[in-house]
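Heads up, our numbering is the position in the sequence shown plus 536, with the first residue counted as 1.
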Amino acid sequence: MNWAAPIRHQISLMALAIGFFTRIPMPQQLEYSPQRLNSSARYFTFVGWIIAAASALIFLTLSHWLPQGLAILLTMIAGLFLTGGFHEDGLADTCDGLGGGWTKEQKLDIMKDSRLGSYGALGLWSVLTTKFIALQHLPNIALVLLVAHPLSRAMSSALIYFMPYVSSELSSKSKPIAHHMRLNELLCNLIIAAPALLIFPDALLPLMISCVAVTGVCALLFQRQLGGITGDTLGCTQQVIEIVIYLVLVTQFGAVK
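Given below as C-alpha cells:
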C-alpha cells in the first residue's frame with residue numbers, strides 16, 4: 537500500500553492550518569480551497585501546541601535576563617506577532633457586535649466593520665490585562681502556556697462541529713474560516729489537546745469542567761444573540777477559555793501576592 541500520498545495530504549492540511557492561524561511562512565504552492573480549509577480544522581489544536589511551545593521558549597529565555605513581569609509582557613507581545621492577533625481581533629469584534637447592536641443583523645454588520653469600537657477596546661484591554669495579572673500569580677508559567685494554548689483552541693474548534701455558521705464568506709471582512717467539522721476531525725482536535733490536561737493532573741477535573749461549562753455558555757450566548765457562530769466568535773471563545781484556564785490554575789496553584 538502506498539502511504540506517501542495520504543501522508544503528504546495530511547502534512548499539507550497541517551501546513552494550511554499553520555498558515556491560517558499564524559504568521560509563520562508557508563510554501564506558496566500550498567493549495568487552498570474552502571473544502572481543504574474545512575479538512576484542515578482537525579489540526580487547529582496542533583497549531584495551539586506550536587504557539588504554546590514558541591511562547592514557552594520565549595518566556596524561558598527572557599526570564600533568565602528580565603524580571604518576571606516584563607518577561608510575561610514581552611512573551612504576550614511576541615505571541616501577538618506570531619498569530620497576528622487573530623483571536624484577539626475576533627474577541628474585539630464580538631464585543632463590539634454584541635455590545636453595540638440591537639438585532640442579529642446589526643450585530644453581524646458591526647462585527648464585520650474593521651474599525652475598533654469602545655466595547656471592543658474595553659474587551660481587549662480587559663482580556664489582556666487579566667492574562668498578564670493571572671500569569672504573574674502562577675508558578676511554572678512555561679507549563680501553563682503549554683496547557684492554555686492547545687486546550688483553548690480545542691474548545692473553540694468544537695463550536696464548529698456543534699453550531700451553525702451564520703456569516704457568509706462574501707460578506708466577511710476577513711479571510712474565510714472552516715464552516716464545518718466532521719466527528720473524526722473533532723475527535724482529532726480533542727486527542728491532540730488531551731496531553732495538555734496531563735501537565736497538571738491535580739487540576740485535570742477542574743479544568744475539564746470549567747472549560748466545557750464556559751464553552752457551553754459561549755455557545756448559548758452566540759446562538760441566542762447571533763443564531764450561530766462566526767470566525768470572530770470562535771476567536772472570542774478561544775480568548776475566554778484561555779483566561780478560564782489561567783484562573784482555574786491560579787485557584788489551584790497560584791501564589792497570593
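All C-beta atoms, glycine included, are put in the ideal place defined by N, C-alpha and C.
Neighbourhood of residue i by C-beta, 7 Å cutoff - its chain only, sequence neighbours within 5 removed
{"i": "Phe668", "result": "Ile608, Leu609, Met612"}
{"i": "Ser710", "result": "Any reading at Ser710 needs caution, since the residue's pLDDT is 48, under 50, leaving its predicted position unreliable; the model's value is listed next. Once the five neighbours on either side are set aside, the close Cβ partners of Ser710 are Gly767."}
{"i": "Glu721", "result": "Ala577, Arg578"}
{"i": "Gln604", "result": "Gln672"}
{"i": "Lys793", "result": "For Lys793, the pLDDT reaches just 47, beneath the cut-off of 50, and the residue's location in the model is therefore unreliable, leaving the point undetermined."}
{"i": "Val663", "result": "Leu627, Gln775, Ile779"}
{"i": "Leu726", "result": "Ala690"}
Contact set for residue i: own chain, Cβ-Cβ below 8 Å, skip 5 residues either direction
{"i": "Leu695", "result": "Thr751, Cys754, Ala755, Phe758, Ile765, Thr769, Leu770, Thr773"}
{"i": "Leu549", "result": "Arg572, Ser575, Ser576, Arg578, Tyr579"}
{"i": "Leu741", "result": "none"}
{"i": "Ala614", "result": "Ala590, Ser591, Ile594"}
Reference residue i, options the options, closest by Cα
{"i": "Ile587", "options": "Gly636, Phe622, Pro563", "result": "Phe622"}
{"i": "Leu652", "options": "Val663, Thr665, Asp632", "result": "Asp632"}
{"i": "Tyr701", "options": "Leu658, Thr665, Leu681, Leu644", "result": "Leu644"}
{"i": "Gln672", "options": "Val583, Phe595, Arg760, Cys747", "result": "Phe595"}
{"i": "Thr619", "options": "Gln775, Leu785, Tyr782, Val786", "result": "Gln775"}
{"i": "Leu783", "options": "Gly584, Thr665, Gln604", "result": "Thr665"}
{"i": "Met699", "options": "Leu723, Leu634, Leu762, Ile781", "result": "Leu762"}
{"i": "Ala797", "options": "Met562, Ile543, Pro542", "result": "The structure shown does not extend to residue 797, since the chain spans only 537 to 793, so no value can be given for it."}
{"i": "Asp625", "options": "Gln604, Gly637, Tyr655", "result": "Tyr655"}
{"i": "Ile745", "options": "Met691, Arg544, Gln642, Ala590", "result": "Met691"}
{"i": "Ser693", "options": "Cys724, Trp539, Leu606", "result": "Cys724"}
{"i": "Leu598", "options": "Trp539, Lys640, Glu567, Ile677", "result": "Ile677"}
Contacting residues, own chain, Cβ-Cβ under 6 Å from residue i (five flanking each side not counted)
{"i": "Ser707", "result": "Confidence at Ser707 is low in this model, with a pLDDT of 48, below 50, so its placement is unreliable and no value can be given for it."}
{"i": "Asp629", "result": "Met647, Asp768"}
{"i": "Leu679", "result": "Ile735"}
{"i": "Ser704", "result": "Low confidence applies here, because Ser704 scores a pLDDT of 45, under 50, leaving its location unreliable and the question unanswered by this model."}
{"i": "Asp649", "result": "none"}
{"i": "Gly637", "result": "Lys643, Ile646"}
{"i": "Lys640", "result": "Leu762, Gly763"}
{"i": "Leu606", "result": "none"}
Beta-carbon gap between residue i and residue j smaller than 8 Å
{"i": "Ala553", "j": "Met717", "result": "no"}
{"i": "Pro686", "j": "Ala739", "result": "no"}
{"i": "Phe617", "j": "Arg559", "result": "yes"}
{"i": "Gly789", "j": "Leu674", "result": "Strictly speaking, residue 789 in this sequence is Phe, with Gly absent from that position. Contact flag set, yes."}
{"i": "Cys747", "j": "Ile779", "result": "no"}
{"i": "Ile728", "j": "Phe582", "result": "yes"}
{"i": "Val786", "j": "Ala657", "result": "no"}
{"i": "Leu627", "j": "Gly659", "result": "yes"}
{"i": "Ala541", "j": "Leu681", "result": "no"}
{"i": "Val683", "j": "Ile781", "result": "yes"}
Residues bridged to residue i (per DSSP)
{"i": "Tyr701", "result": "Ile765"}
Item to check | Sequence ranges, alpha helix (DSSP H) only - wholly within the segment 540 to 595, length at least 4 | outcome: 540 to 557, 570 to 576
Next on the checklist: So within the segment 586 to 640, which uninterrupted alpha helix (DSSP H) runs reach at least 4 residues, ignoring any that extend past its ends?
Outcome noted: 604 to 619, 622 to 636
Item to check | Those runs of the beta strand (DSSP E) which lie wholly inside the segment 636 to 681 and span at least 3 residues | outcome: Unbroken beta strand (DSSP E) stretches of 3 residues or longer found wholly inside the segment 636 to 681: none.
Next on the checklist: Threshold first: 4 residues or longer. Then list the alpha helix (DSSP H) segments lying entirely within the segment 713 to 767, N to C.
Outcome noted: Listed in chain order, the alpha helix (DSSP H) runs fully inside the segment 713 to 767 are 719 to 733, 740 to 762, counting runs of at least 4 residues.
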